[in-house]
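Participant: Take a look at this one; I'll ask things after.
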Ligand SMILES: Nc1ncnc2c1ncn2[C@@H]1O[C@H](COP(=O)(O)OP(=O)(O)O)[C@@H](O)[C@H]1O
Ligand SMILES: [Mg+2]
């Protein structure tokens, strides 16, 4: 059980409204990712759900029961913090046991759960070490271990991977996804990294200045962004936005075209441009093309496409993949 | 200082400071050591002679010595207990966000800036005096007999005065440590279902361990040599009830003019201080390792 629903939830710090009233439904067993630029209120929203901040207005219910004024510990949620927030003077075993000890659980059951969590997270050999003697990835796993032994109805993660190096981040991403599949528990995951959002989420919530811009599955957001913000935020490299004549021709204030939806040719095409920097990744080549009258356009070409700095190329958008936006930035 | 050459150079450069500090310590120490084996009384000039361990024998068999030793330990222990417990309590309070925080913090630190003689005299004359003191006034107001603190509980009174002086120091160090406590850890513990009391026991206290050690070690050094407060309040009395080792050495050498006996007492005080230091490092020193 782990369905959470937010009803007209808002949060202000003093006079500053960080979260304007918003509604959100999170279903049992879902992997929901809150994504948005830094400072848009993702952590605040997560902390409201956790009970670490008081709501300014609105209501939160968990599993159908009202939890608006419940203390954090009573909500049955477990949180993994960005800084891991491990207890530095306790061993890994004691760290993981802490919530169980606080709940007054019988020691045999505690040991059983700790052993289980340690096995799942590959921590068995480290149970008697202190957090200071562990690597970043191991600390992260201890923090997750401390969360799973409580068998919460939902997990909350606040940018759990942002302190790890790139390779470890990819690994931990997979481990968290695996964990979600095994436990089938609701998870709410906060990140500013749209790649993490796209790869992990069942449902993505795009936040911008506290507003929910769009909620949907990764591919829905990729294929049908409701506005320019979501279109620009989701997808890597970023969508190209073009205003002026090419947009007017298609009956829009501006159009957006993803780098992977442009075809490059040496001979002919809609727009002529000069190649600037080109990034050869082997599988793909990313070109930064300076198009007359439009400006810099990012293009994804196949890995075999070899160009040099200053060469002339022609670009044509794939017509049905073009996103059209009105003057207010909404999709048409 | 990676190479052997630069290490040698570093030692060479350091040597003046080391030699100066060594001389600074060695000269008075060896003179005291020398006098402690002499019959050297200012009232009997010209009779100086080598007496071996006689001065030590007299000092150690003097009944005042054991009273003073006990008083020294009580004084150090009592003040440490009050300042550490009180310091933690004050630090917890001052760490709460409140109106006028800055001023309150300065007020709490203030006693530390008052000179020991001054504060002891203020306590003696304005608070503890059985006729004019504030405590006597309160007692009379409540219809009780005024209590003559310095006459009937001299050691306790001195412990109280010294603790009042050192409480700000303990509070300051502990408050700084308290402020470096990670708020996410507190929140994690809150989500883990720990009550305020459990969070204090399992997070705050262990976090303060190192700061408490620092407070205990530094204060012990100063508390072993408390002198001014005793001199201006009780003069070590009544009898030897508030005489500590430092005061006993003073009484021996400057009230009885027995420089030899005083020196022997001084050497014994040094040895005692080292014993206390070894015990302390054994007990709490491991808190200082990373
Ligand atoms: N305790 C607080 N007091 C005042 N402002 C805050 C507080 N916490 C967060 N904010 C503000 O709320 C906004 C959103 O913060 P946050 O939720 O941490 O953003 P994110 O996690 O998306 O980067 C920021 O502008 C931040 O300055
Ligand atoms: Mg954040």
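Chains as they are written, first to last, in the working numbering: chain A, 7 to 338; chain B, 454 to 743.
Just so it is clear, CB atoms sit at the ideal spot from N, CA and C, and this is done for glycine as well.
1) Does the beta-carbon of residue 230 of chain A have 16 or more other beta-carbons within 10 angstroms, so that it is buried, or is it exposed?
2) Where DSSP assigns a beta bridge to residue 220 of chain A, which residues make up the other side?
3) So, with DSSP's three-state summary, where would you put residue 633 of chain B?
4) With 8 Å set as the bound, which would you pick, yes or no: does the beta-carbon of residue 321 of chain A sit closer than that to a beta-carbon of chain B?
5) Applying the criterion that 16 or more other CB atoms from any shown protein chain within 10 Å of the CB defines a buried residue, is residue 463 of chain B buried or exposed?
6) Just to confirm my understanding: we take residue 539 of chain B, look at its own chain, exclude 5 residues before and 5 after, and list those with CB closer than 8 Å. What are they?
7) Can residue 332 of chain A be considered in contact with ligand 2, in the sense that its beta carbon sits closer than 7 Å to one or more heavy atoms?
8) Just checking my contact of residue 309 of chain A with residue 289 of chain A at CB under 8 Å: how many whole Å lie between their CB atoms?
9) In its own chain, which residues sit with a C-beta less than 8 Å from the C-beta of residue 258 of chain A, not counting the 5 before and 5 after it?
10) Rounded to whole angstroms, what's the CA-CA distance from residue 13 of chain A to residue 50 of chain A? Just pull it up for me.
11) Verify whether the separation of the beta carbon atoms of residue 196 of chain A and residue 153 of chain A is less than 8 Å.
12) Within 8 Å of any Cβ in chain A, is that where the Cβ of residue 550 of chain B sits?
13) Chain A partners of residue 682 of chain B, CB-CB under 9 Å?
14) So what does residue 31 of chain A bridge to, in DSSP terms?
15) Taking DSSP as the reference, what is the three-state secondary structure of residue 262 of chain A?
16) Along the chain, where does the beta strand (DSSP E) containing residue 306 of chain A start, and where does it finish?
17) Going along chain B, which residues have a C-beta under 7 Å from residue 108 of chain A?
18) I need the straight-line Cα distance from residue 698 of chain B to residue 585 of chain B, nearest angstrom please.
19) Check each candidate in A/305, A/287, A/286, A/160 and name the one with the smallest Cα separation from residue 280 of chain A.
20) Using only Cβ atoms and a threshold of 5 Å, which residues come within that distance of a heavy atom of ligand 1? Order them by chain position.
21) Assign residue 552 of chain B to buried or exposed, taking buried as 16 or more other Cβ atoms, counted over all protein chains shown, within 10 Å of its Cβ.
22) On a CA-only basis, which of A/134, A/190, A/167, A/161 is nearest residue 146 of chain A? Give me that one, please.
23) For the putative contact between residue 528 of chain B and residue 472 of chain B, defined by C-beta atoms under 8 Å, what is the C-beta separation to the nearest angstrom?
24) Using CA atoms only, rank isn't needed, just tell me which of A/268, A/298, A/101 is closest to residue 326 of chain A.
25) Sorted by chain position, which residues of the same chain lie with C-beta nearer than 7 Å to residue 237 of chain A's C-beta, five sequence neighbours on each side aside?
26) Please classify residue 593 of chain B: is it buried, with 16 or more other beta-carbons within 10 angstroms of its beta-carbon, or exposed?
27) Over what stretch of residues does the alpha helix (DSSP H) that includes residue 469 of chain B continue unbroken?
28) Cβ atoms of residue 614 of chain B and residue 678 of chain B: under 8 Å apart, would you say?
29) What residues of chain B sit near residue 78 of chain A, judged by a beta carbon separation below 7 Å?
30) Within the same chain, show all residues whose beta-carbon is closer than 6 Å to that of residue 686 of chain B, passing over the 5 residues directly before and after it, in chain order.
31) The alpha helix (DSSP H) that contains residue 568 of chain B, what's its start and end?
32) Going along chain A, which residues have a C-beta under 9 Å from residue 554 of chain B?
33) How is residue 17 of chain A classed by DSSP in three states: helix, strand or coil?
34) Determine the DSSP secondary structure at residue 618 of chain B, reduced to helix, strand or coil.
35) Out of B/707, B/694, B/708, which one is the CA nearest neighbour of residue 521 of chain B?
36) Please confirm if residue 44 of chain A has its CB atom under 8 Å from at least one CB of chain B.
Facilitator: Result, derived from the coordinates:
1) exposed
2) A/212
3) Three-state DSSP puts residue 633 of chain B in coil, outside helix and strand.
4) no
5) exposed
6) 616, 620, 623, 624
7) no
8) For residue 309 of chain A against residue 289 of chain A, the beta-carbon gap comes to about 5 Å, under 8 Å, which counts as contact.
9) 330, 331, 332, 338
10) 16 Å
11) Contact flag unset, no.
12) no
13) Result: empty, since nearest Cβ-Cβ is about 37 Å, beyond 9 Å.
14) A/11
15) strand
16) In this chain, the beta strand (DSSP E) harbouring residue 306 of chain A covers 301–308.
17) 645, 646, 647, 651
18) 31 Å
19) A/305
20) The filter returns A/19, A/24, A/44, A/45, A/46, A/47, A/48, A/49, A/50, in chain order.
21) exposed
22) A/167
23) With a Cβ gap of about 36 Å, residue 528 of chain B and residue 472 of chain B do not count as contacting.
24) A/268
25) Hits under 7 Å: 231, 245, 262, 329.
26) exposed
27) From DSSP, the alpha helix (DSSP H) with residue 469 of chain B extends over 457–489.
28) no
29) 643, 644
30) 573, 577, 603
31) No alpha helix (DSSP H) contains residue 568 of chain B, which DSSP labels as neither H nor E.
32) Those do not exist, as residue 554 of chain B stays about 18 Å from chain A at its closest Cβ, beyond 9 Å.
33) strand
34) helix
35) A check of alpha carbon separations from residue 521 of chain B across B/707, B/694, B/708 identifies B/694 as the nearest.
36) no
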